[in-house]
Structures are given as C-alpha cells and as structure tokens.
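Residue numbers (this note's numbering): 804 to 1170. We put the CB at the ideal spot given by N, CA and C, even for glycine.
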Amino acid sequence: MAVGFYNFAKLHDSEFQTEILERFKEIVTGNAFVEGKWNTAFETEFAQMQKAKHCLLVANGTDSLEICLQALDMQPGDKVAMPGISFYATAEVVINRGGIPVFVDVNPTTGLMDLDSFKRVIKQHKIKFVMPVHIYGLPVDIEGLEVICKENKIQIIEDAAQGQGGYLKNAPIGGSGHLTSFSFYPTKNLGAFGDAGAILTNDDDLATMIKSIRNHGRSPNGHTVVGRNSRCDHLQAAVLHLKLKKTPEQNKMRKDIAKKYLEILGNLPIRLVPQEYVNTSSWHLFPIGLRSKDEKYALKEHLGKLNIGSSLFYEKALPEEKTLLKCEGEKTHALDFAAKTLCIPMNPFLSENEIMEVSQAIKSFIK
Ligand SMILES: *Cc1c(COP(=O)(O)O)cnc(C)c1O
C-alpha cells in the first residue's frame, strides 16, 4: 500500500468540490475577481481565530514577509537575524529589500532558533530585526525572545508559514501582537488553490500601511508610498474561507497522528520532536533526525521502494545555500540538523494502517 506525503484527494473531496464550484460560479457571474466579499469574510474570521486585531490577505507568503519588512521601515544595509533552518524565502526577502541576513544557530533537537545563540549574535552585529520561524509548526519561545528584543531595540517579524494551528504560551501563533506572516501555499495546514498569504497585526497604523503597500501604495491621497501589487484573488479567498471552518478539526487530526507516531517510534535511536510540543505544534510536518547523512538518504530510499513518501525539509541549512554563503552569524547545529533530518508523511487523513505501515518501515530499517 502506497502512503502519500500529502493527501489532496481527501482534502478536496467531492463535497468540498461541489461547495467551492458554487462559489466560483458566483464569482464568475458576478465579475468580482479581486478583493471581494470572501476576502473580507476571511480576513475577519481568520483574525478572530488567531486572536489578532487585523488580518491582511496578500498574494503569497513570501510577499507577506517582505511587506512586513517594508511596513516596519527596514532600510538597505539593515541587518536581519534569522535561524539557519528555514525555507529560503525567509532570507530571500531580506536580500530583495537590500538588507543583510545574519544567521542564528538552532536548537539541535527542535531546529528552532536558539536564544543563547541570538544573544551572542547581537553582541557581534547591530541587529535591527529578527525573523523567528515556527519551523515544522513548533512554536518559537516568543516571550523569551521579546525580553531580549526589548533591551536591544530589535523588532520582531514572525514567519508563521508553517505555524497555522500552533500555540504560543498565551495565544495561538499569530496572536502575539507582532507582525506575523502566514503562507497559504497549497501544502500548508491551510492552503489555497495556488498562492496566497496573510499578515496579522494588532496595530491599526501598520494595518493601514500594509493595505496600502499591497495595493500599489494607494491611499485616499493618491500613491503615497512605493508599494506593489500583492492583492489576493477573490477565487483564492473563497477557497481559504471555505476551508477555514474545517481547519481546526484537521489540525487536531494532525496532532492525534503525531501522538501515535511518537508513541510507536519513541524507542528508536532517532531524534523526534520533544513531547512538550505535542499540544503546541501545528504539526505541519513530522521531522525525524537520523544518526548520519548517509542513514538519512538510505532511509529515504528504503521508504521510496515501499512507496512511502518522504521529504527533505531542508536538504541544506540556509547558510549553505550558494547565495547566502557569505552571510555571517552562527550555524554549527543548523548544518548538522539539516544533514540528518527527514520528514515522514504527515497530513490529517493518515489512517491507523498507514501510520503503522510508515512506522514499521522505519523500525525495520533502523534495527
Ligand atoms: C512556505 C514558506 C514561506 C513562503 O511562502 P510562499 O507562500 O510559498 O511564498 C516562507 N517561509 C516558510 C518557513 C515557509 O514554509
């Protein structure tokens, strides 16, 4: 039996298809293609769900990060700290705005930005912004980060592209009050039928600025800042709004699957997400750490032969990417983490049998 990494057939089942096609028909006959009623409905409901005051839909999760930097008035030459384990976009947006990424090392067990490394990095570099990443869905210790950032006048932008459904100490991811960036790429916990993203904020002025930037810098007085076109299509907003009501249940299904994996794989000599994250991770992905790079590739091949999906998130740490080789900072654990990490199937629809099959395949290989 093949076990897919994702399961779009079940996510977009016939009931969902019927409902979304009705919405699409209404949009097509109404000629309401951008910023329509579903945009407003989604923004209102998503902000409520994540406990933020404002939600601003944008074209994708990369634009959303870049727009956050612009809204906070990042200038060319500014240094932006970020963990060595993330998707490339986190660093890319800084470079596209003329900034300088500086790497912070990660916790060797979780891949999350390590706050002691961050403290060392800010002694060496004049850091203006930090972009913590809720990688794999695990929440960064935002409260701990806030203390350091307050003392050093550093502004926080959260990359929550993988964090939808996860929890901070006092709020859902997105509810911290800092600018928080989400991606709704189809494979994320909440996914569109293509590209979309959103920014959450509690600040009225920042919300107004972001609304303007995403729509060519428009304001009631004309074009008052140099913005861009990063509007979210009405079709995508209709998909996101329809999916929103099922997302909490699907995130709970992810958690139950993660619990089962952790139970079955708990005795193996592999690195797993620590138990303390069971209830706070969004379980966007299920990363495991092997003992060596060779063992990782060998397991990937073994699973492939059994038709079990797996993915290398991330094959390289950010500091190893060609365009980022010259960036400074700390990276020892990030390199080791990337070398040994493999993600195994994780989606809300994995059956008991599929979980057993994946787990058995790993067990028989590691022994
Ligand atoms: C997916 C992702 C992004 C980029 O989002 P897009 O919508 O694909 O542009 C940024 N950061 C992280 C951590 C991601 O996983």
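Quick test of your reading: residue i and residue j, contact by CB under 8 Å. State the CB separation rounded to the nearest angstrom.
i: D1006; j: S889; result: Incorrect: roughly 24 Å between the Cβ atoms, too far for contact.
i: E1131; j: V936; result: About 18 Å; that fails the 8 Å criterion.
i: P942; j: K854; result: At roughly 14 Å, the Cβ-Cβ gap does not stay under 8 Å, so P942 and K854 are not in contact.
i: I823; j: L1153; result: The Cβ separation is near 23 Å, so there is no contact.
Note the first and the last residue of the continuous beta strand (DSSP E) segment covering residue i.
i: L875; result: From DSSP, L875 is part of no beta strand (DSSP E); its letter is neither H nor E.
i: V806; result: Looking at the DSSP string, V806 is not in any beta strand (DSSP E), and its letter there is neither H nor E.
Can you give the Cα-Cα distance for residue i and residue j, rounded to whole angstroms?
i: F996; j: N1032; result: 19 Å
i: K1166; j: M1149; result: 17 Å
i: G966; j: R1017; result: 22 Å
i: K843; j: Y891; result: A small correction: the amino acid at residue 843 is Thr; Lys does not occupy that position in the sequence shown. Looking at the two C-alpha atoms, the distance is approximately 30 Å.
i: L1121; j: A894; result: 8 Å
i: N863; j: K1170; result: 43 Å
i: K1134; j: K972; result: 27 Å
i: C1035; j: E838; result: 7 Å
i: H1037; j: F836; result: 5 Å
i: L1068; j: N1054; result: 21 Å
i: C1146; j: F1089; result: 5 Å
i: K1108; j: F811; result: 22 Å
i: S1202; j: R1094; result: Here the chain covers residues 804 to 1170 and nothing more, so residue 1202 does not appear.
i: W1086; j: R1057; result: 6 Å
i: G902; j: L948; result: 21 Å
i: K1063; j: A1137; result: 27 Å
i: H1026; j: G1020; result: 5 Å
According to DSSP, simplified to helix, strand and coil, what is residue i?
i: A884; result: strand
i: I1073; result: coil
i: H815; result: coil
i: L1047; result: helix
i: G833; result: helix
i: L824; result: helix
i: L1128; result: coil
i: L1121; result: helix
i: T1153; result: Residue identity differs from the one stated: residue 1153 is Leu in this sequence, not Thr. It is coil, neither helix nor strand.
What residue range does the alpha helix (DSSP H) around residue i cover?
i: L1138; result: 1135 to 1143
i: E846; result: 840 to 853
Scan the stretch 962 to 1040 and note each continuous alpha helix (DSSP H) run of 4 residues or more that stays entirely inside, going in chain order.
1007 to 1017
Curious, which full-length beta strand (DSSP E) runs of at least 3 residues does the stretch 1077 to 1119 contain?
1089 to 1092
Of all the alpha helix (DSSP H) runs that stay within the bounds of the stretch 892 to 970, which reach a length of 4 or more residues?
892 to 899, 918 to 927, 945 to 955
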